[in-house]
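Colleague: Chains as they are written, first to last, in my numbering: chain A, -17 to 110; chain B, 1007 to 1351.
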């Protein structure tokens, strides 16, 4: 399979797992692999219909699904997070990101789950 | 004969595509230059005055009318300043010189201004939210030649008939807007668009909150798809005692999508997914399947509906019975019943 076929399959597998878990037709409207100039890279699954309550109740499951999706694309699942529309219950995307050193410091500085109003950390492997 | 107003993205190539066939297009409409008056929806094109002139001439050569949509629902008071008034008046002068057939506006001040000083047909936008005979009378008094009725009353025939009785100006119905019925975000969202797509500083917006909520509400409660006050192509004939003029929404879509709508509404027939025809919830077109043919007869129910959903449940039952969800397994897309994918109707 080429990269687009892998992404396509990855998107639908993750979507189906979320639908089975949450019993509603969560829609992953787009899944992208990305590489940023700073050195960060990873995948983003843009979501519609996924809400903060879903995440709070099923956080472990969703984190596990995202980890599996990440591994399936050979992306180390060292930092998994959801992007939330600030001040709302709407989750815009699920993300697996391999952080560059600078961005790692930005995200690892605090110990809570929300280093920014729009970020909800599902897991972060702390470096020594 | 149905008069169909058809959206156009705003560039000459798109217009040539749109008017290349034998379709029965009465008029096309597009946004103007956002430097003067914005619009209440997103736009792909921002044609300048010369581009509008060229495209108007092309449309007229094809026997098609040209309408410019300047339906900002919030001008932030700019139009009331001397500078703002002069700038907008200058722009209206230019459009008048070009020979534009009609201008759609939402701002009441523009309705009066256009009706007093220009010969162009003055069209009151859906974003003026005319949903009652009283409001229709106000706008007619201000100078409206045509009112595009708020789709919220598209299925309320008593209200439509009362509006028809109360005014002598033309009425136009928007058939495929696809917005939520009684949407709580309607005013705020259109005001946001008006600022984002109008003169003045551009907003640095992270996310369109209203659009996220709009989609999320439907995914979590798919009966909202059915309650949305669209008009099926087959049902347009049921509105002929109200008007013969219909408008297709969707000026950010590809020409192919627009022409699919034109064919459906001119033929008054569509055998496929109703979601294909709706303008607004575009992002979930690949999520839900609503077989249009299975909606036959629904208007009879909605014509007598008192809109108290908790007492009725018709739309809920209909949703459970006919709406399906696209699901992809092993790279193959299949349709699943709503219940199997959750979806609390």
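In this text, a Cβ means the ideal position worked out from N, Cα and C, and glycines have one as well.
Decide if residue 1085/B is buried, meaning its Cβ has at least 16 other Cβ atoms within 10 Å, or exposed.
Modeller: Per the 10 Å Cβ criterion, buried.
Colleague: Within this structure, are the beta carbons of residue 1045/B and residue 1075/B separated by less than 7 Å?
Modeller: Yes, they are a contact pair.
Colleague: Thinking residue 1031/B and residue 1059/B are a contact (beta carbons under 8 Å), I'd like their distance in whole angstroms, please.
Modeller: 20 Å between Cβ atoms; not a contact.
Colleague: Return the residues of the stretch 1214 to 1230 of chain B that lie within a Cβ-Cβ distance of less than 7 Å from chain A, sorted by chain order.
Modeller: Per Cβ criterion, the list reads 1215, 1218, 1219, 1221, 1222, 1225 and 1226.
Colleague: By the 10 Å Cβ neighbour count, where 16 or more other Cβ atoms means buried, how is residue 1211/B classified, buried or exposed?
Modeller: Answer is exposed; the Cβ neighbour count stays below 16.
Colleague: For residue 50/A, which residues in chain B fall below 9 Å Cβ to Cβ?
Modeller: The premise fails here: residue 50/A is roughly 16 Å from chain B at the closest Cβ pair, so nothing lies under 9 Å.
Colleague: Taking only the alpha-carbon atoms, compute the straight-line gap between residue 1008/B and residue 1134/B and give it to the nearest angstrom.
Modeller: So the alpha carbons of these two residues sit roughly 24 Å apart.
Colleague: Which residues in chain B have a C-beta closer than 7 Å to the C-beta of residue 72/A? List them in chain order.
Modeller: In chain order: 1218, 1219 and 1222.
Colleague: Would you say residue 24/A faces chain B, with C-beta separation under 7 Å as the test?
Modeller: No, its Cβ sits nowhere closer than 7 Å to a Cβ of chain B.
Colleague: Below 6 Å CB to CB, which residues in the same chain sit around residue 1281/B once its five sequence neighbours on both sides are set aside?
Modeller: Cβ within range, chain order: 1291, 1294 and 1296.
Colleague: Measure from the C-beta of residue 67/A to each C-beta in chain B and report whether the shortest distance is under 7 Å.
Modeller: Closer than 7 Å: yes.
Colleague: So what's residue 114/A in DSSP terms, helix, strand or just coil?
Modeller: Here chain A comprises residues numbered -17 to 110, so residue 114/A is not present and cannot be evaluated.
Colleague: If you drop the 5 nearest sequence neighbours on each side, which residues of the same chain put their C-beta closer than 6 Å to that of residue 1017/B?
Modeller: If we look at residue 1017/B and ignore the five residues flanking it on each side, its Cβ neighbours are 1051.
Colleague: Take the Cβ of residue 47/A as the centre, count every other Cβ of all protein chains shown within 10 Å, and call the residue buried at 16 or more, exposed below.
Modeller: That one is buried.
Colleague: Could you pull the DSSP bridge partners for residue 987/B from this structure?
Modeller: Only positions 1007 to 1351 of chain B appear in this structure, which leaves residue 987/B out of reach.
Colleague: According to a CB-to-CB cut-off of less than 7 Å, which residues of the stretch 1270 to 1299 of chain B neighbour chain A?
Modeller: Within the stretch 1270 to 1299 of chain B, the qualifying residues are 1289, 1290 and 1293.
Colleague: Hey, does residue 1334/B have any beta-carbon neighbour from chain A nearer than 7 Å?
Modeller: It does; some Cβ of chain A falls within 7 Å.
Colleague: Spell out whether any CB of chain B is found under 7 Å from the CB atom of residue 99/A.
Modeller: No, residue 99/A lies away from the interface with chain B (no Cβ there is under 7 Å from its Cβ).
Colleague: Determine, using beta carbons only, whether residue 89/A comes closer than 7 Å to chain D.
Modeller: No chain D appears in this structure, whose protein chains are A and B.
Colleague: Taking Cβ to Cβ, would you say residue 1013/B is nearer than 7 Å to residue 1288/B?
Modeller: For residue 1013/B and residue 1288/B, no; Cβs fall outside 7 Å.
Colleague: Give every residue of the same chain whose Cβ lies closer than 8 Å to the Cβ of residue 20/A, excluding the five residues on either side of it in the sequence, and list them in chain order.
Modeller: Answer for residue 20/A: 82, 84 and 85, listed in chain order.
Colleague: I want to verify the contact list: residues of chain A whose CB lies under 7 Å from the CB of residue 1331/B, in sequence order.
Modeller: The answer, in chain order, is 7.
Colleague: So the candidates are -11/A, 37/A, 99/A and 41/A; which of them puts its Cα closest to the Cα of residue 12/A?
Modeller: For residue 12/A, the nearest C-alpha among the options comes from -11/A.
Colleague: Measure the Cβ-Cβ separation of residue 1113/B and residue 1081/B and say whether it is below 7 Å.
Modeller: Cβ atoms of residue 1113/B and residue 1081/B: closer than 7 Å.
Colleague: Give the interface partners of residue 177/A over in chain B, defined as CB-CB distance under 7 Å, in chain order.
Modeller: Since the displayed chain A opens at -17 and closes at 110, residue 177/A lies outside it and no answer follows.
Colleague: Using only alpha-carbon positions, find the residue among 1300/B, 1128/B, 1144/B and 1206/B that is nearest to residue 1277/B.
Modeller: For the residues 1300/B, 1128/B, 1144/B and 1206/B, the minimum Cα distance to residue 1277/B belongs to 1300/B.
Colleague: Let me know the secondary structure DSSP gives residue 1261/B once reduced to three states.
Modeller: Residue 1261/B: helix per DSSP, three-state reduction.
Colleague: Taking CB distances under 7 Å as the criterion, tell me whether residue 75/A reaches chain B.
Modeller: So, not an interface residue.
Colleague: In chain A, which residues lie with their C-beta within 8 Å of the C-beta of residue 1337/B?
Modeller: Those are -13, -10, -9 and -6, listed as they occur along chain A.
Colleague: With which residues is residue 1176/B paired in a DSSP beta bridge?
Modeller: According to DSSP, which records beta bridges pairwise, residue 1176/B is partnered with 1152/B.
Colleague: Would residue 1073/B and residue 1033/B qualify as a contact pair, given that the criterion is a beta-carbon distance under 7 Å?
Modeller: The answer is yes: Cβ separation under 7 Å.
Colleague: Look up residue 1128/B in the DSSP assignment and say whether it is helix, strand or coil.
Modeller: If DSSP states are grouped into helix, strand and coil, residue 1128/B belongs with the strands.
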